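Q: Before anything else, here's the structure in question.
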Amino acid sequence: MNKQKTLMVGNWKMNPETPAEAKKNFRIIKTQGSKLRNVDTVICPTFLHYGDLSPIVSGHRVVLGVQDCFAGGTGSKTGEVSALQASKAKARYCIVGHSERRAAGETNEEISKKIISLLKYGVTPIVCIGEGERDVAGKYLFEIEKQVAASLKDLKKNQVSKIVIAYEPLWAIGKNAKRAANSAEIEEMVIQIRKVLTDLYDLKKIPTTRILYGGSVSKQEHVEDFMVNGKVDGFLIGRASLDGKTFAGLMKTAEATSKNKK
Ligand code: PGA
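Using our numbering, read the sequence shown as starting at 69 and increasing by one per residue.
Here is the structure:
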């Protein structure tokens with residue numbers, strides 16, 4: 069684990085139904101997060117609810133992110149939101165390449181453009197990668213290598229540590245998932261991702277890029293185990309971030325685990 073703070077990201081997807089519920093949930097998370105010195109918390113609401121939450125943000129420990137942005141500059145693109153707009157609205161992070169968007173047709177080419185655009189405007193991209201399934205021959209390791217290389221193809225050497233990578237195996241995400249990955253599976257992938265980055269950019273030192281895990285994280289034991297044994301720097305959490313109290317519990321465990329590791 070590197071020395072940066074642990075990153076706890078709540079991906080609210082198409083939830084909740086109303087701005088009032090979004091505000092209520094966010095307030096619980098904010099109250100908890102502002103007490104934590106070793107954790108950075110990011111909530112990514114829908115674009116519709118973003119403006120309801122931004123006046124509530126104060127301080128730097130709990131901030132907002134967005135779930136996606138347009139793969140290019142500004143202009144006439146119905147339904148899109150640009151990286152520049154995200155930046156002006158003080159979004160600190162933007163999720164890119166989530167498997168649900170890849171399944172809807174998002175390409176590595178677009179992901180790469182989004183990353184470059186976000187970095188240009190000072191928004192940190194959270195780049196999602198993950199294999200469809202694990203096979204005994206280990207093909208999934210190559211799948212990850214290919215995804216990293218294709219998604220980050222336009223990134224410069226000095227930008228490698230400026231992005232966040234979220235390892236989210238597809239089989240562990242969402243309500244049809246049978247289980248979260250285990251810490252051995254996660255650690256193997258964290259090592260693989262750092263190796264791929266080091267080789268790809270011919271780096272002299274292993275990069276400090278924060279690597280998160282996402283997929284059915286719901287229990288405080290997950291957080292502790294995956295940080296200590298899985299060696300992740302934080303989490304991208306869907307369902308368990310929709311309940312402020314549950315997410316606050318996970319944030320507290322992240323704080324305690326970060327402290328113990330120092
Ligand atoms: P989950 O979603 O925590 O509900 O599995 C994670 C994600 O899709 O980012």
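Even glycine gets a Cβ: it sits at the ideal position worked out from N, Cα and C.
Every value quoted in this text rests on a predicted model; they were computed, and no experiment measured them.
#1: Regarding R307 and ligand 1, is the C-beta to nearest heavy atom distance less than 7 Å?
#2: If I follow the unbroken beta strand (DSSP E) through Y281, where does it start and stop?
#3: Identify, in the order they occur along the chain, each residue of the same chain with its Cβ nearer than 7 Å to the Cβ of V191, setting aside the five sequence neighbours on each side.
#4: Please give the ranges of any alpha helix (DSSP H) in the stretch 131 to 207, keeping only runs that are unbroken, at least 4 residues long and fully inside the region.
#5: Verify the contact flag: H166, CB atom, against every heavy atom of ligand 1, threshold strictly below 7 Å.
#6: List the whole-angstrom C-beta distance separating V40 from Y281, where the pair is believed to meet the contact cut-off of C-beta under 8 Å.
#7: What did DSSP end up calling D108 once you bin it into helix, strand or coil?
#8: Since Y118 is in the alpha helix (DSSP H), which residue starts that stretch and which ends it?
#9: Classify V130: buried if its beta carbon has 16 or more other beta carbons within 10 angstroms, exposed otherwise.
#10: What's the call for V204, buried or exposed, on a 16-neighbour Cβ count within 10 Å?
#11: Would you call the stretch 71 to 81 in contact with the stretch 106 to 116, where contact means no fewer than 3 C-beta pairs closer than 8 Å?
#12: Thinking C-alpha only, which one of P193, A171 and A172 is nearest K181?
#13: For N33, which of helix, strand or coil comes out of DSSP?
#14: For I305, which three-state DSSP category applies?
A: Quick look at the numbers:
#1: Along the sequence shown, read from residue 1 onward, the residue named residue 307 stands at position 239. Checking the Cβ of R307 against ligand 1 gives yes.
#2: Here residue 281 is taken as the residue at index 213 of the sequence shown, counted from 1. Per DSSP, Y281 belongs to the beta strand (DSSP E) from R278 to G282.
#3: Taking the first residue of the sequence shown as 1, we reach residue 191 at position 123. A151, A154, S155, A159, R160, Y161 and C162.
#4: 151 to 156, 167 to 171 and 176 to 188
#5: What you label residue 166 is simply residue 98 of the sequence shown in a count that begins at 1. At least one heavy atom of ligand 1 is nearer than 7 Å to the Cβ of H166, so yes.
#6: As displayed, the chain neither begins before 69 nor continues past 330, which places residue 40 out of reach and without an answer.
#7: Along the sequence shown, read from residue 1 onward, the residue named residue 108 stands at position 40. Strand, per DSSP.
#8: For the purposes of this step, residue 118 is taken as the residue at position 50 of the sequence shown. Taken as a continuous stretch (DSSP letters only), the alpha helix (DSSP H) holding Y118 covers F115 to L121.
#9: On the sequence shown, residue 130 is found 62 positions in, with the first residue counted as 1. That one is buried.
#10: Counted from its first residue, the sequence shown places residue 204 at position 136. Per the 10 Å Cβ criterion, exposed.
#11: yes
#12: Here residue 181 refers to the residue found at position 113 of the sequence shown. Closest by alpha carbon: P193.
#13: The question about residue 33 has no answer, for the chain in this structure spans 69 to 330.
#14: Here residue 305 corresponds to residue number 237 of the sequence shown, with the count starting at 1. I305: strand per DSSP, three-state reduction.
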